[in-house]
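Below is one structure, written out as C-alpha cells; comments come after it.
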Amino acid sequence: AAGVIQSPRHLIKEKRETATLKCYPIPRHDTVYWYQQGPGQDPQFLISFYEKMQSDKGSIPDRFSAQQFSDYHSELNMSSLELGDSALYFCASSLAQGGGYTFGSGTRLTVV
Amino acid sequence: AQSVTQLGSHVSVSEGALVLLRCNYSSSVPPYLFWYVQYPNQGLQLLLKYTSAATLVKGINGFEAEFKKSETSFHLTKPSAHMSDAAEYFCAVTNFGNEKLTFGTGTRLTIIP
Chain A
1 AAGVIQSPRH LIKEKRETAT LKCYPIPRHD TVYWYQQGPG QDPQFLISFY
51 EKMQSDKGSI PDRFSAQQFS DYHSELNMSS LELGDSALYF CASSLAQGGG
101 YTFGSGTRLT VV
Chain B
1001 AQSVTQLGSH VSVSEGALVL LRCNYSSSVP PYLFWYVQYP NQGLQLLLKY
1051 TSAATLVKGI NGFEAEFKKS ETSFHLTKPS AHMSDAAEYF CAVTNFGNEK
1101 LTFGTGTRLT IIP
C-alpha cells in the first residue's frame, strides 16, 4: 500500500540558510499535518491543511511557512535557519472523516 | 483542549515479562486515542487506535490497549515482552479524528535479556 512520502530523508544546512521539505500524502487523503520532533522530545504540531487550505496552526515560527498544492502534496519552507531548528520533521496524512493518521518516515534536518 | 500524560519516561522489563505502559488523557469531548512506536532514527508507526468502538483494542506485534472512561486511561499492554519491543512509545489524542494529534512525552521501553 502507498505510504506518506517525505523528501529529502536527510538535509544539512548552515545557519541563516533556507530549507524546503516535501510531503506526498497517501492518495485520496485530504488532510496533511506537519510535526517537529526535537532530540529526545515528543512530536510537536506545526501546521495542517485540509483540501489545500490551512486548517490549523500550532507552534510554527514565523520563519516557517507551508502550503498544500493542487496535487495535495505539501511543502514546508524554513528560512533563516537556526541551530535549534535541527530536528526530525514529520508529515502525516488522513481522511477528514477519520480512519487514522499515517506518518511519513520524516526528514532529519541538521543545521550547522 | 486535549492532552495526554504518560507516566514513566523509562520502563524496563525482562524478556518474557508483561509490558505495561501508562497513558492518561484529558479531553472535554470523547477522544480518539492512539499508540505509536518509534524505533531509533525512524518514523512513527501506528500500533493501535481507539475511535469509540470496542473499548479493548488489539494492535500489531501483540499489543493491546483498553479505553477506560472512568479512569481516563488508555494503557498499553503486551503479555510477553520481546527484545524487538525495545523502542520509544507515544500515546496521542485527538477529538474528531481529522484534527491534529497531541502527543505525550513518550516512554522509552528497555527489554532486559
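Chain order of the listed sequences is A and B. For the first sequence, position 62 matches number 62 in my numbering, and the numbering has no gaps at all. With positions in the second sequence counted from 1, the corresponding number in my numbering is that position plus 1000. Every residue, glycine too, gets a C-beta built ideally from N, C-alpha and C. Given the structure is predicted, the values throughout are model-derived calculations rather than measurements.
- Contact between B:Leu1101 and B:Thr1094 holds: CB atoms are separated by about 5 Å, below the 8 Å threshold.
- Contact check for A:Ala2 and A:Gln36: beta-carbon distance about 24 Å, past the 8 Å limit, so the pair fails to qualify.
- One alpha carbon belongs to B:Leu1048, the other to A:Ala19, and they sit about 33 Å apart.
- Taken through DSSP and simplified to helix, strand or coil, A:Leu83 comes out as helix.
- The count of Cβ pairs closer than 8 Å, one atom from the stretch 15 to 32 of chain A and one from the stretch 1073 to 1090 of chain B, stays below three, leaving the stretches out of contact.
- As computed with DSSP, B:Ser1027 is found in no beta bridge at all.
- Considering only beta carbons, the part of the stretch 1014 to 1045 of chain B lying closer than 9 Å to chain A consists of Tyr1032, Phe1034, Tyr1036, Gln1038, Asn1041, Gln1042, Gly1043, Leu1044, Gln1045, in chain order.
- A:Phe64 and A:Pro43 have their C-alpha atoms roughly 17 Å apart.
- Just measuring C-alpha positions, the residue of B:Leu1018, B:Ser1003, B:Thr1005, B:Ala1001 sitting nearest B:Thr1110 is B:Leu1018.
- Note that the C-beta distance between A:Thr110 and A:Lys13 is below 9 Å.
- Bounds of the beta strand (DSSP E) holding A:Glu75 are 74 to 78.
- Counting only runs of at least 3 residues, the stretch 1039 to 1082 of chain B fully encloses the following beta strand (DSSP E) elements, listed from N- to C-terminal order: 1044 to 1050, 1056 to 1058, 1064 to 1068, 1073 to 1078.
- Excluding its 5 nearest sequence neighbours in each direction, B:Phe1067 has C-beta neighbours in its own chain below 6 Å: Tyr1050, Thr1055, Phe1074, listed in chain order.
- Distances from the CA of A:Val32 to each of A:Ser74, A:Ser70, A:His10, A:Leu11 were compared; the closest alpha carbon is that of A:Ser74.
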